[in-house]
Amino acid sequence: MVIYQNISLKPYNTFGIDVNASHFVRVNTVEELQVLCTAFNLSERNKLVFGGGSNLLLTKDFDGMAVKIDLKGIDKIKEDEEHVWIKAMSGEVWHHLVLYSVEHNWGGLENLSLIPGCVGAAPMQNIGAYGVEIKDTFEELFAIEIESGKLVKFTNAECKFGYRESVFKNEEKNKFIIVSVTFKLTKNPKINISYGAIQETLNKKGITQPSIKDVSDAVIEIRKSKLPDPKDLGNSGSFFKNPEIELSLYESLKVNHPTMPGYPVGSNKIKVPAGWLIEQCGFKGKRIGNTGSHKDQALVLVNYGGATGNEIYQLALTIQETVKEKFGIQITPEVNIL
Ligand code: EPU
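Take a look at the structure:
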């Protein structure tokens with residue numbers, strides 16, 4: 026394990042922001058991580074732990090220990106008549122795990138195809154897309170407690186998953202590093218095509234009895250059609266969460282904005298697509314300096330090349346203020362801003 030000094034983090038964040046970390050280390054085994062936690066007193070240090078760096082906006086040089094998690098491996102650890110339990114190490118690329126499960130016709134992850142990032146980051150914010158969240162197939166995870174270096178297990182209930190939320194973003198924030206995640210997948214997949222766009226894509230292809238490979242392919246096609254590939258255009262997916270507002274506010278806004286989409290959550294709340302709100306404020310496809318809101322999905326902020334993190338952050342603040350002024354709705358970032 027080598028600790029480097031003054032390393033550019035540009036290759037390690039999908040926004041492609043060029044800032045330096047004063048210290049940088051790549052971790053390849055759980056034991057190395059335990060040593061880093063205890064012998065190097067990681068809990069006392071300023072630290073930035075990351076896998077794919079796909080949910081991160083770096084606004085300044087990082088004075089502390091940047092820890093790139095490179096733990097690899099995907100294994101079937103158990104099976105019965107109906108299910109398989111797959112354990113993936115946290116440094117595995119998320120989409121590789123999805124492809125692996127689809128190849129074996131083990132159902133549950135196919136709607137989550139092509140989400141950027143690594144396995145270890147997935148439970149942090151309960152990643153979700155096209156009607157599915159990882160909490161639906163999540164069995165358990167193992168994490169290192171930074172202060173003690175001990176390996177600790179978290180069950181599904183203990184993770185307290187919510188919409189882009191978990192215990193690791195709240196009460197246990199900065200206390201654990203996830204090292205592996207186990208999913209319970211099904212041998213007799215139940216297809217979930219409740220999300221309109223998947224159904225439309227399958228219809229267009231004339232597929233009436235889709236396999237999970239068909240669903241995965243459809244999701245890949247939809248994502249590619251409106252979400253920019255960070256390799257071509259720096260971004261971190263949805264920049265904001267979709268806000269949940271009171272039903273009464275939604276109904277009063279509908280009077281002046283009859284096309285406003287909304288999805289009920291519980292009995293008294295409505296989730297409104299932040300992309301729609303941002304588009305209505307005129308930001309969609311608009312370029313400001315080296316940054317802007319993407320032309321096909323307003324919720325995605327992009328780096329056209331050479332943007333600083335602060336430039337993107339300022340745009341995010343402007344968008345937040347404008348949405349608040351026009352609709353009285355506060356939108357909050359999904360991305361971690363450092
Ligand atoms: N919309 C607009 N203009 C836009 C974008 C969206 O009007 O520029 C409206 C449309 O009415 C559309 C609705 O918003 O029907 C929903 O849009 P979309 O299906 O693209 O989904 P989203 O709510 O914007 C969420 C997730 C995505 C996930 C998709 C698909 C959040 C914050 N984002 O986006 O996740 O892929 O649903 O399930 O919940 C991510 O988290 O990085 C991410 C990409």
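Using my numbering, the first residue of the sequence shown is number 26, and each one after it goes up by one. All C-beta atoms, glycine included, are put in the ideal place defined by N, C-alpha and C. Note that this is a predicted model, so its numbers are computed, not measured.
Spatial distance of residue i from residue j (CA atoms)
i      : j      : result
LEU61  : GLY132 : 37 Å
GLY334 : ALA146 : 21 Å
LYS194 : PHE201 : 11 Å
HIS48  : THR180 : 33 Å
ASN136 : LYS212 : 16 Å
THR63  : LEU326 : 38 Å
ARG189 : TYR29  : 33 Å
GLU56  : MET114 : 13 Å
ASN199 : ILE303 : 31 Å
LEU81  : ASN361 : 5 Å
LYS101 : PHE265 : 35 Å
MET26  : GLN59  : 12 Å
TYR275 : LYS309 : 22 Å
LEU124 : ILE344 : 36 Å
LYS296 : SER277 : 15 Å
GLN355 : GLU106 : 48 Å
GLU69  : LYS178 : 23 Å
LEU363 : LEU258 : 21 Å
LYS351 : LEU176 : 48 Å
LYS72  : SER79  : 17 Å
VAL192 : LYS185 : 6 Å
PRO283 : TRP301 : 13 Å
GLY331 : ILE313 : 12 Å
ARG248 : SER263 : 12 Å
GLY231 : GLU346 : 44 Å
SER273 : ILE152 : 29 Å
PRO36  : ALA341 : 23 Å
PRO255 : GLN322 : 14 Å
PRO235 : LEU122 : 20 Å
GLU359 : THR233 : 35 Å
8 Å Cβ cutoff met for residue i and residue j
i      : j      : result
GLY41  : ASN228 : no
MET90  : VAL50  : yes
ILE223 : TYR155 : yes
GLY187 : GLY142 : no
PHE163 : PHE208 : yes
VAL52  : ILE99  : no
THR39  : ASN260 : yes
HIS120 : LEU139 : yes
GLU197 : THR226 : no
HIS319 : PRO214 : no
ILE270 : LYS294 : yes
VAL244 : VAL144 : no
VAL348 : SER241 : no
ASN130 : ILE237 : yes
Residue i versus the options, residue with shortest Cα-Cα distance
i      : options                           : result
ASN66  : GLY174, ALA168, TYR155 and VAL52  : GLY174
VAL157 : GLU190, LYS256 and SER219         : SER219
LEU210 : ILE247, ASN38, ILE313 and LYS160  : LYS160
VAL92  : ARG189, THR357 and VAL74          : VAL74
ILE169 : PRO36, ILE111, THR54 and HIS108   : THR54
LEU34  : GLU346, VAL27 and ASN45           : ASN45
THR357 : ALA299, PRO286 and ALA243         : ALA299
MET149 : LEU122, LEU176, PRO268 and GLU183 : GLU183
LEU96  : LYS103, PHE87, ALA341 and LYS112  : LYS112
GLN305 : ASN315, ASN281 and THR316         : ASN281
LYS311 : ILE337, ASN130, LYS238 and VAL290 : ILE337
LYS279 : VAL204, GLN339, GLY353 and ILE152 : GLY353
LEU324 : ASN267, ASP43 and ILE203          : ASN267
ASP88  : GLY153, VAL240 and ASN31          : ASN31
For residue i, the residue or residues it bridges with in DSSP
i      : result
TYR29  : PHE49
CYS143 : VAL118
ARG70  : Beta-bridge pairing links ARG70 to no other residue.
MET90  : HIS48 and LYS72
LYS103 : TRP110
ASN260 : VAL327
PRO289 : ILE295
LEU252 : For LEU252, which the question treats as bridged, DSSP gives no partner whatsoever.
VAL206 : ALA113 and LEU166
PRO358 : PHE265
SER318 : LYS309 and LEU326
PHE201 : GLU170
LYS349 : Bridge partners of LYS349: none, in fact.
THR180 : GLU165
ALA154 : VAL157
Contact test: residue i Cβ vs the ligand FMN heavy atom, cutoff 7 Å
i      : result
LYS311 : Among the ligands modelled here, namely the ligand EPU, the ligand FMN does not occur.
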